[in-house]
Amino acid sequence: MIKTYICSLILWCCAASLKGQNAGQLPRSTPETEGVSSTAIISFLDAFEKSGNEPHSIMLLRHGKVIAEGWWKPYGPWQLHNMYSVSKSFTATAVGFAEADGLLGLDDKVISYFPSDLPDTLSDNLKALRIRDLLTMSVGMDSQPAVDDNKSDSWVKIFLAHPVIYKSGSRFLYNPMATYMLSAIVQQVTGVTTYEYLCKKLFPFLNIADVDWTTSPQKITSGGWGLRLRTEDMARFGQFYLQKGCWENRQLLPAAWMQQATSVQIIQHPDLQPASRDSSDWEQGYGYQFWKGLHNSYRADGAWGQFILIMPDQDAVLVITEEASDPQRTLNLVWKYLLPGMKMQKLSENHYAGKRLKRRLASLTLPLPEQPLFSQKAAVIRHAYSIQDNDIKISNIAVNIDKKGHCLLSVRKDGIDFDFRFAAGSWLCGVTKVRGIGHPAWFYTKLKEAPASNIAGTYYWEDERTLKLVLQYTQSLFNEFINKETITLHFKGKNVIMELDDNRGWKVKCTGSNINTAR
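Residues are numbered in this note's numbering as their position in the sequence shown, beginning at 1, plus a constant of 84.
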């Protein structure tokens with residue numbers, strides 16, 4: 085607790101020292117000044133919004149300057165976004181610092197760091213496992229070890245007990261627990277968590293002043309997941325790698341490490357047909373927790389389309405956060421629209437396109453649900469229901485629509501009361517500690533102490549008896565589980581049927597009986 089407080093204090097002091105100086109913000113410029121066509125960026129935005137993926141934010145840097153940035157409301161620049169596996173690249177960076185500090189070597193044997201956590205029998209492949217093999221996802225396992233946030237079993241022991249079938253370093257298997265082991269090793273050699281180590285070695289220098297990261301039950305930084313950052317802080321990290329470890333004329337990490345980390349160390353599927361490989365950004369090779377991509381790019385890559393895309397040949401960094409069912413689709417749009425729009429020389433200013441781009445970026449918003457032909461007349465509505473026995477432990481709900489047309493949904497779940505607010509035809513922002521109304525009680529860990537999540541709600545009437553409520557979880561420590569939730573209320577006389585479903589495919593239905601009604 086004391087270490088975490090000190091780390092937070094360091095970041096706060098860093099932010100405070102920058103306040104009022106604008107030093108914490110990356111420099112800004114215009115696209116044409118940095119050799120990029122505003123029209124190309126507009127074309128990308130047009131295609132991005134029509135791609136079927138849900139955009140959350142974008143930031144494009146050229147020659148170290150931000151030339152385009154935008155957030156789709158209700159997302160905003162102040163919000164921390166879940167990085168998913170982008171976290172892995174930060175953990176690898178911590179390993180790079182530890183190596184530079186002489187605290188470890190990439191050819192060190194993994195078992196040497198955990199003598200009290202070893203299984204009774206050590207295979208030759210486990211004995212040979214190196215830190216380097218963890219970095220390149222070539223542990224030699226044929227499956228990922230399974231761990232549980234809600235159990236106290238040592239994750240290190242679980243990993244070391246998992247069979248290492250193949251010679252380490254010989255074949256690729258994406259394995260988030262390999263990154264967790266890197267985080268555990270960093271903690272062993274530094275005496276602080278990976279998060280705390282980066283608070284000392286990296287974040288203050290890059291002016292990253294607000295970040296959090298989940299831990300295992302053993303209080304080890306998760307490593308492979310659980311990091312949350314703002315969009316601009318993602319961009320700083322990308323620019324740091326583009327500059328090969330140099331920041332403000334100071335070499336923080338050796339350039340040799342940066343080169344190794346972002347070069348091909350292993351090919352994911354060497355037997356893949358060339359036609360398939362040449363069209364995939366996930367088949368270009370893997371470095372030290374970085375993916376190589378098409379067009380000589382590399383990236384930190386998180387599930388559902390979180391990208392820090394570095395393009396050395398173009399001296400550019402592109403950050404994207406989104407909810408993508410097909411992340412390759414987004415990258416294809418980058419190569420189709422943005423890449424051809426980047427020129428080596430400064431372009432003539434296109435004032436019309438520049439103004440159009442500014443307006444477009446300032447007005448980005450997620451599409452609201454389509455309004456049906458039916459529109460409920462403005463009325464004050466107050467309904468309260470006792471919900472029958474259900475696996476998700478909801479006992480009561482109440483629906484109130486006020487004179488302004490704002491809707492309040494109150495839910496008692498597992499003995500705890502939650503309120504959610506919605507606006508008709510727009511997003512209404514709020515906070516909650518629930519990790520999904522429709523999820524079972526076991527889904528929560530210490531619910532009463534859970535961190536708050538930023539949410540936004542909108543609603544509409546599907547017909548005169550059907551109310552649709554949509555929740556967007558915009559800043560949640562747990563949004564790896566849920567990003568959007570739809571609550572459908574079917575009013576039938578004195579009863580209600582409540583249906584809940586989210587973007588991860590979780591669906592549940594329950595019924596309730598009226599307690600009182602006023603209209």
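The beta carbon of each residue, even a glycine, is placed where N, CA and C say it ideally should be.
Report the rounded CA-to-CA distance for GLY371 versus TYR557, giving the unit in angstroms. Roughly 32 Å separates the two Cα atoms.
Here's the rule I'm using: 16 or more other beta-carbon atoms within 10 Å means buried, otherwise exposed. How should THR449 be labelled? exposed
Any idea what DSSP makes of THR305, helix, strand or coil? strand
Quick one: grab the DSSP three-state call for TYR544. strand
Verify whether the separation of the beta carbon atoms of GLY329 and MET342 is less than 8 Å. yes
What does TRP155 pair with, by DSSP beta-bridge criteria? SER141
Starting from SER127, trace the alpha helix (DSSP H) in both directions and tell me its first and last residue. 122 to 133
What are the boundary residues of the alpha helix (DSSP H) that ARG361 is part of? 358 to 361
Report all residues from its chain with a CB closer than 8 Å to the CB of LYS593; omit the five preceding and five following residues, and keep chain order. ILE581, MET582, GLU583 and LEU584
In terms of alpha-carbon separation, which member of LEU452, PRO453, THR542 and SER432 lies closest to GLU118? SER432
Provide the residue span of the alpha helix (DSSP H) that contains GLN163, from first to last. From DSSP, GLN163 is part of no alpha helix (DSSP H); its letter is neither H nor E.
Look at the alpha carbon of ALA482 and the alpha carbon of GLY386, and state the distance between them as a whole number of angstroms. One C-alpha to the other measures close to 38 Å.
Closest Cα partner of THR346 within the set ARG334, TYR325, SER141 and PRO358: TYR325
Can you find at least 3 beta carbon pairs, one from the segment 379 to 397 and one from the segment 406 to 416, that sit closer than 8 Å? yes
Quick check on the DSSP output: the beta strand (DSSP E) that includes VAL355 runs from which residue to which? Note on residue identity: the sequence assigns Asp, not Val, to residue 355. Taken as a continuous stretch (DSSP letters only), ASP355 belongs to no beta strand (DSSP E), as it is neither H nor E.
Can THR542 and PHE506 be called in contact, C-beta distance under 8 Å? yes
If you drop the 5 nearest sequence neighbours on each side, which residues of the same chain put their C-beta closer than 7 Å to that of HIS523? ILE476 and TRP590
Can you tell me which of THR572, THR595 and PHE391 puts its alpha carbon nearest to the alpha carbon of ILE471? THR595
CYS491 to GLU569, Cα distance in whole Å? 16 Å
Name the one or two DSSP bridge partners that ALA508 has. TYR543
If you measure between the beta carbons of TYR159 and SER141, is that distance less than 8 Å? Yes, the pair counts as a contact, with Cβ atoms nearer than the cut-off.
For the alpha helix (DSSP H) containing MET318, name the first residue and the last one. It spans 315 to 326 - the alpha helix (DSSP H) in which MET318 sits, taken as one unbroken run.
Option nearest LEU311 by Cα separation, candidates VAL464, ASN579, LYS552 and ASN166: ASN166
Flag SER227 as yes if its beta-carbon sits less than 8 Å from any beta-carbon of chain D, otherwise no. Any reference to chain D falls outside this structure, which holds one protein chain only.
Do ILE151 and SER113 have their C-beta atoms within less than 8 Å of each other? yes
Of the residues TRP511, LYS517 and PRO161, which one's Cα is nearest the Cα of ARG496? LYS517
Distance between beta carbons of PHE289 and VAL295, contact taken as under 8 Å: Not a contact, Cβ separation roughly 13 Å.
For GLU183, report the span of its alpha helix (DSSP H) as first-last. Where GLU183 is concerned, the enclosing alpha helix (DSSP H) stretches over 170 to 184.
C-alpha distance - TYR469 paired with HIS379, whole-angstrom precision: 58 Å
Is GLN412 helix, strand or coil when you go by DSSP? helix
What are the boundary residues of the beta strand (DSSP E) that ILE609 is part of? With the chain represented from 85 up to 603, any question about residue 609 goes unanswered, as that position is not in the structure.
With DSSP run on the structure shown, which of helix, strand or coil describes THR114? coil
Give every residue of the same chain whose Cβ lies closer than 6 Å to the Cβ of GLN271, excluding the five residues on either side of it in the sequence, and list them in chain order. THR277 and ILE304
Rounded distance between the beta-carbons of LEU129 and ARG444, thought under 8 Å: With 8 Å as the limit, ARG444 and LEU129 qualify as a contact, their Cβ atoms being about 6 Å apart.
Spatially closest choice to PHE575 from LEU337, ASN587, GLN559 and ARG549, by CA coordinates: ARG549
State the start and end residues of the unbroken beta strand (DSSP E) segment that holds LEU493. 491 to 497
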